[in-house]
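Heads up: the structure comes next, in structure tokens.
Numbering (my numbering), first residue to last: 25 to 176.
Rendered as structure tokens:
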């Protein structure tokens with residue numbers, strides 16, 4: 025599967041997963057600003073009130089988003105155009121940083137740009153024990169679009 029992110033960004037994620045997005049909960053809708061990373065690229069969303077938690081849909085029908093709360097934007101594993109993209113169906117994985125954000129960056133920021141912005145970087149921090157995936161906290165639907173270059 026290709027590398028991806030959504031942390032602390034969309035209104036749909038903010039209230040339920042502790043993401044740093046700007047305010048509204050999962051029942052809100054609208055275009056977000058820069059919301060999450062996928063392979064070092066910023067994406068934004070159009071949030072919908074669609075909650076898929078508890079539907080029994082198989083995990084393979086979702087893409088993962090790793091949410092770091094207020095520490096940084098989320099990181100998703102897929103986006104439109106990726107072979108395994110699931111059409112905007114997401115499972116938010118809450119991530120804790122037991123040794124602090126600086127330790128997670130030290131072990132995970134593989135391109136040394138000051139942020140975890142790709143799945144391989146998130147996985148490196150998890151492998152080092154500087155980030156912990158505490159599990160799925162939300163499943164929902166929202167579209168994703170690259171942030172125009174002038175808005176990054």
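Cβ atoms here follow ideal geometry from the backbone N, Cα and C, with glycine treated the same way.
Kindly indicate which three-state DSSP category residue i falls into: helix, strand or coil?
| i | result |
| --- | --- |
| residue 128 | helix |
| residue 155 | coil |
| residue 165 | strand |
| residue 85 | helix |
| residue 146 | helix |
| residue 95 | helix |
| residue 173 | helix |
| residue 120 | strand |
| residue 100 | strand |
| residue 109 | coil |
| residue 139 | coil |
Which residue's Cα is closest to the Cα of residue i: the options?
| i | options | result |
| --- | --- | --- |
| residue 146 | 68, 170, 100, 172 | 100 |
| residue 82 | 90, 160, 173 | 160 |
| residue 169 | 70, 63, 136 | 70 |
| residue 66 | 76, 162, 139, 158 | 139 |
| residue 73 | 165, 173, 172 | 165 |
Which two residues bound the contiguous beta strand (DSSP E) that contains residue i?
| i | result |
| --- | --- |
| residue 73 | 65-75 |
Is it right to say residue i is buried, meaning 16 or more other beta carbons lie within 10 angstroms of its own, or is it exposed?
| i | result |
| --- | --- |
| residue 112 | buried |
| residue 84 | exposed |
| residue 108 | exposed |
| residue 80 | exposed |
### Message
For the structure I just gave you, are there three or more beta carbon pairs, one from the region 94-104 and one from the region 147-156, closer than 8 Å?
### Response
Contact between the region 94-104 and the region 147-156 is not established, with fewer than three Cβ pairs separated by less than 8 Å.
### Query
Is there contact here, the region 125-132 with the region 99-116, by at least three beta-carbon pairs under 8 Å?
The region 125-132 vs the region 99-116: no contact.
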